[in-house]
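**Student:**
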């Protein structure tokens, strides 16, 4: 009986001591005396360590304006309570308020791995979905392909990777985009050839006396300009077809060739798929005219969506158009401005028009309104506000290039480019 009462007395004394330390800590916290408050909180937690009081201590650091200590405390709570979402919420709120989106996404990834969630976590995740950061600066940028961006500084062209790393030195007078992992380049002494993704010389065109231009390699054909006319050459460097006034790249088994002042569609043997002539055929930045088995052609000043045989997919006429970049939506221009259609020619995003637009690529489309470019998502909602002077298409790693204050800068979405 005596031992029992002694145990009760001990527990009561400890509880009293704990409550005294906690009361002292709160008194000093209210007065703004940080050292003494922290000391008494520490003594209280040494007796009875709970998440509730730990969160109270963290909030105290925030009220003192000591963000560094608040973050350190948050990291400690996560280590101590790895399965308590409230500990993550505390730290997530701090880094979110301080716009440390790298840290936000690192925390969100950990929360997801540990199969935790809460309304606040979902709220922050939604709020930062399209946050981004900018790096690097170039005078000009080309079209992304094969994991490479053509970039130029002081009239010297090279290539950087999708993560912004310079992978091919800027030593060329001009370059084209990669296609099938090779890209056309022109050296400062006037040589034309193709390089691979590491910058090694890969293909030198033979059987042409004066190479004055190269197009994107596709469907095993090289478009080559001799200073007067264009022609296609195969991998054995033999001419396929004849000489033309102009050619597109051979993409998806179709190319546009110009003769007699008009364009025609030809197959990989350079045989016409129809005798229909066009004033123009829309190309993308890689010189390709066909994707998703459809093209945009100009007939009597208006653009129509046609299939690979030159047959109209829809009778709707457009004032201008941009080629499909993937299997989602293409940008077209009508009387009210630029809007988007699917591969059947059906309009999407009712009553949504822009001053200019690029087709969708990897979930986003660059659009222009009131003189500035931004991005919309595949629901037609503004994802990145109208901020930039110009904008490129998104790569698959959540990165693109935007022009801001006359400089092209690499834009990265935090959601796919954060440091763990």
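Residue numbers (the working numbering): 952 to 1371.
Backbone N, C-alpha and C define an ideal beta-carbon position, used for all residues, glycine too.
Short of 8 Å in beta carbon distance, which residues of its chain neighbour residue 1004, apart from the five on each side in sequence? Order them along the chain.
**Tutor:** For residue 1004, where only same-chain residues beyond five positions count, the Cβ hits under 8 Å are 973, 992, 995, 996.
**Student:** Excluding the 5 residues flanking residue 1288 on each side, which residues of the same chain have their C-beta closer than 8 Å to its C-beta?
**Tutor:** So the qualifying residues of the chain are 1304, 1305, 1306.
**Student:** Within the chosen definition, does the stretch 1223-1239 reach the stretch 1249-1262 through at least 3 CB pairs nearer than 8 Å?
**Tutor:** Contact between the stretch 1223-1239 and the stretch 1249-1262 is present, because at least three Cβ pairs lie under 8 Å.
**Student:** Residues in its own chain within less than 7 Å of residue 1043 by CB, not counting five upstream and five downstream?
**Tutor:** Answer for residue 1043: 1055, 1058, 1072, 1075, listed in chain order.
**Student:** Apply the 10 Å Cβ neighbour rule to residue 982 and answer buried if 16 or more other Cβ atoms are within range, or exposed otherwise.
**Tutor:** Exposed is the call here.
**Student:** Starting from residue 1075, trace the alpha helix (DSSP H) in both directions and tell me its first and last residue.
**Tutor:** Where residue 1075 is concerned, the enclosing alpha helix (DSSP H) stretches over 1070-1078.
**Student:** Out of curiosity, what's the CA-to-CA distance linking residue 1019 and residue 1046?
**Tutor:** So the alpha carbons of these two residues sit roughly 11 Å apart.
**Student:** Would you call the CB atoms of residue 1181 and residue 1198 closer than 8 Å?
**Tutor:** Taking 8 Å as the Cβ cut-off, residue 1181 and residue 1198 qualify as a contacting pair.
**Student:** Check whether the Cβ atoms of residue 1024 and residue 1012 sit closer than 8 Å, and answer yes or no.
**Tutor:** It is a contact, given that the beta carbons lie within the stated cut-off.
**Student:** With respect to the alpha helix (DSSP H) encompassing residue 1191, which residues constitute its N-terminal and C-terminal limits?
**Tutor:** Unbroken run through residue 1191 is the beta strand (DSSP E), 1190-1195; no alpha helix (DSSP H).
**Student:** Since residue 1169 and residue 1201 are thought to touch, with beta carbons under 8 Å apart, how far apart are those beta carbons, to the nearest angstrom?
**Tutor:** Right, the Cβ-Cβ distance comes to about 5 Å (below 8 Å), so this counts as a contact.
**Student:** Below 8 Å, can you find three or more Cβ-Cβ pairs linking the stretch 1143-1153 to the stretch 1183-1197?
**Tutor:** No, because fewer than three Cβ pairs between the stretch 1143-1153 and the stretch 1183-1197 fall closer than 8 Å, the two stretches do not touch.
**Student:** If you check the beta carbons only, do residue 1274 and residue 1309 fall under 8 Å apart?
**Tutor:** No, these two residues do not count as a Cβ contact at 8 Å.
**Student:** Leaving out five residues on either side along the sequence, give the residues of the same chain with a beta carbon under 7 Å from the beta carbon of residue 1087.
**Tutor:** Taken in chain order, the residues that qualify are 1115, 1360, 1361.
**Student:** Name, in chain order, the residues that DSSP records as bridge partners for residue 1282.
**Tutor:** Residue 1282 pairs with 1291.
**Student:** Report all residues from its chain with a CB closer than 6 Å to the CB of residue 1313; omit the five preceding and five following residues, and keep chain order.
**Tutor:** Closer than 6 Å at Cβ, skipping near neighbours: 1345, 1347.
**Student:** What does the Cβ neighbour count give for residue 998, buried or exposed, with the cut at 16 atoms within 10 Å?
**Tutor:** Classification of residue 998: exposed, given that the 10 Å Cβ count is below 16.
**Student:** State the Cα-Cα distance for the pair residue 966 and residue 1001, rounded to the nearest angstrom.
**Tutor:** So the two alpha carbons sit approximately 14 Å from each other.
**Student:** Whole angstroms is fine: what's the gap from residue 1357's alpha carbon to residue 1366's?
**Tutor:** So the alpha carbons of these two residues sit roughly 26 Å apart.
**Student:** Excluding sequence positions up to five away, which residues of its chain have a Cβ less than 7 Å from the Cβ of residue 956?
**Tutor:** Confidence in residue 956 is poor, its pLDDT being 43 and thus under 50, which makes the residue's placement unreliable; the coordinate value appears in the next sentence. Excluding positions up to five away in sequence, the list is empty.
**Student:** When you compare only the Cα positions, how much space is there between residue 1069 and residue 1284?
**Tutor:** The straight-line gap from Cα to Cα measures roughly 44 Å.
**Student:** For residue 1241, collect the residues of the same chain with a Cβ closer than 7 Å to its Cβ; drop the 5 residues on either side in sequence, then sort them by chain order.
**Tutor:** These residues qualify, in order along the chain: 1202, 1203, 1205, 1259.
**Student:** Would you identify the three-state DSSP class for residue 1325, choosing helix, strand or coil?
**Tutor:** Three-state result, residue 1325: strand.
**Student:** Roughly how many whole angstroms lie between the Cα atoms of residue 1178 and residue 1053?
**Tutor:** Roughly 51 Å separates the two Cα atoms.
**Student:** Quick one: complete alpha helix (DSSP H) runs, 4+ long, within the stretch 1056-1123?
**Tutor:** The stretch 1056-1123 contains these whole alpha helix (DSSP H) runs: 1070-1078.
**Student:** Mark residue 1033 as exposed unless 16 or more other C-beta atoms lie within 10 angstroms of its C-beta, in which case mark it buried.
**Tutor:** Counting Cβ neighbours within 10 Å, residue 1033 comes out exposed, since fewer than 16 surround it.
**Student:** Evaluate residue 1094 with the Cβ neighbour count: other Cβ atoms within 10 Å of its Cβ, from every protein chain shown; 16 or more gives buried, anything less gives exposed.
**Tutor:** The residue is buried, with at least 16 neighbouring Cβ atoms inside 10 Å.
**Student:** Distance check for residue 1315 and residue 1364, CA to CA, integer angstroms please.
**Tutor:** Going by the C-alpha atoms only, they are around 12 Å apart.
**Student:** Using a threshold of 8 Å, state whether the C-beta atoms of residue 1103 and residue 1091 are closer than that.
**Tutor:** In contact: residue 1103 and residue 1091 (Cβ atoms closer than 8 Å).
**Student:** For residue 935, which option in 1236, 1193, 1237 has the closest C-alpha, if you only look at C-alpha atoms?
**Tutor:** Nothing about residue 935 can be read from this structure; the chain reaches only from 952 to 1371.
**Student:** Count the other CB atoms within 10 Å of the CB of residue 958; is the residue buried (16 or more) or exposed (fewer)?
**Tutor:** Confidence at residue 958 is low in this model, with a pLDDT of 45, below 50, so the placement of that residue should be treated as unreliable; the coordinate-derived value is given next. Per the 10 Å Cβ criterion, exposed.
**Student:** Name the two residues that bound the continuous beta strand (DSSP E) containing residue 1220.
**Tutor:** Note, residue 1220: premise wrong, no beta strand (DSSP E); not H, not E.
**Student:** Please go through the same chain and pick out, in chain order, the residues whose beta-carbon is closer than 7 Å to the beta-carbon of residue 1171, but skip the five residues on each side of it.
**Tutor:** For residue 1171, where only same-chain residues beyond five positions count, the Cβ hits under 7 Å are 1185, 1186.
**Student:** Whole angstroms is fine: what's the gap from residue 1311's alpha carbon to residue 1237's?
**Tutor:** When rounded, the distance between both Cα atoms is 15 Å.
**Student:** Alpha carbon to alpha carbon, how far is residue 952 from residue 1031?
**Tutor:** Low confidence applies here, because residue 952 scores a pLDDT of 46, under 50, leaving its location unreliable and the question unanswered by this model.
**Student:** Below 8 Å CB to CB, which residues in the same chain sit around residue 1160 once its five sequence neighbours on both sides are set aside?
**Tutor:** Only 1177 meet the Cβ criterion.
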